[in-house]
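Residue numbers (the numbering used here): 503 to 738. Encoded as structure tokens, the structure appears first; notes follow it.
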């Protein structure tokens with residue numbers, strides 16, 4: 503059980519929402535539209551290499567990538583250009599990358615995890631203030647509206663809009679301000695130990711780690727939940 507908070511903030515991707523079709527599936531769709539195809543093994547290998555590029559950027563000390571739409575877009579241009587090159591698709595003008603990115607970010611490509619609506623509704627019923635703190639491009643609110651999540655939210659902080667990103671103290675300090683409380687009366691829920699747990703702790707916030715994918719973790723110093731509905735018992 504956590505100390506009774508006044509506000510709860512959530513990460514978005516892989517915490518409350520997930521893509522209907524992940525990057526490799528969208529790439530396969532795009533290749534099919536070009537009359538081309540790649541074996542599942544080759545597609546997976548190319549995707550893994552692209553993920554390595556992504557993670558190297560993500561964990562770069564003092565990285566600024568997630569602080570603006572332009573920088574986020576540039577990262578994904580590199581990501582998909584490399585992925586496509588590994589599949590022998592030239593994308594010097596980025597038209598293929600842009601098409602895949604647009605499909606990935608379109609609201610219809612996103613869905614909520616199980617019990618998200620009922621859990622957020624119950625948290626609001628109990629009187630908590632609820633918000634989003636997410637590293638994302640500025641189009642995130644469109645997705646949240648499409649999925650009907652805006653109705654539960656008192657604020658939405660999107661890194662690409664405000665020029666701050668996780669796990670910076672400034673980002674989480676702003677979240678506390680938007681919540682209208684103090685850090686010790688607020689908890690943050692997310693799927694990344696690095697971005698969500700360590701980030702929240704920079705301002706003295708408690709955190710909860712959510713893992714829908716059943717990953718293997720070493721001994722953790724933070725509550726771990728396997729579904730968002732498990733949060734309710736921690737808030738009792």
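Even glycine gets a Cβ: it sits at the ideal position worked out from N, Cα and C. All of these numbers come straight from a predicted model, not from anything done at the bench.
A straight line joining the alpha-carbon of residue 597 with that of residue 557 spans about 24 Å. Here residue 706 has 685 and 686 as same chain residues with Cβ atoms under 8 Å from its own Cβ, once five neighbours each way along the sequence are excluded. By the C-beta criterion, the stretch 537 to 557 is judged not to be in contact with the stretch 630 to 646, since fewer than 3 inter-stretch pairs fall below 8 Å. In the three-state scheme derived from DSSP, where H, G and I count as helix and E and B as strand, residue 719 is classed as coil. With a 10 Å radius around the Cβ and a threshold of 16 neighbouring Cβ atoms, residue 568 comes out buried.
Of 652, 531 and 535, the smallest CA-CA separation from residue 542 is found for 531. Annotation: residue 609 to residue 522 spans about 10 Å, alpha carbon to alpha carbon. About 12 Å separates the CB atoms of residue 673 and residue 633; that is not less than 8 Å, and the two are not in contact.
With 16 or more neighbouring CB atoms inside 10 Å of its own CB, residue 512 falls in the buried class.
Of the other Cβ atoms in all chains shown, fewer than 16 fall within 10 Å of the Cβ of residue 544; this residue is therefore exposed. Using a Cβ distance threshold of 8 Å, residue 546 and residue 563 do not count as a contacting pair. When 638, 637, 683 and 605 are compared, the shortest CA-CA separation from residue 656 is found for 683. Cβ neighbours of residue 606 within its own chain (closer than 7 Å, five residues either side excluded): 521, 525 and 528.
Taking 8 Å as the cut-off, the Cβ atoms of residue 534 and residue 585 do not count as close. The beta carbon of residue 665 lies closer than 6 Å to those of 569 in the same chain, with the five residues before and after it left out.
For the alpha helix (DSSP H) assignment, the uninterrupted runs of no fewer than 4 residues enclosed by the stretch 603 to 685 are, from N- to C-terminal side, 618 to 627, 642 to 648, 661 to 664 and 671 to 681. Around the beta carbon of residue 718, fewer than 16 other beta carbons lie within 10 angstroms, which makes this residue exposed. Just measuring C-alpha positions, the residue of 580, 699, 651 and 510 sitting nearest residue 614 is 651.
Within the same chain, 617 and 621 come within 6 Å of residue 731 by CB-CB distance, once the 5 residues on both sides are set aside. For residue 564, there is no enclosing beta strand (DSSP E), as DSSP marks it with neither H nor E. Around the beta-carbon of residue 631, 16 or more other beta-carbon atoms lie within 10 Å, marking it buried.
Sequence-distant partners of residue 574 (beyond 5 residues in either direction) whose C-beta falls short of 7 Å from its own C-beta, in its chain, are 567, 568, 639 and 662.
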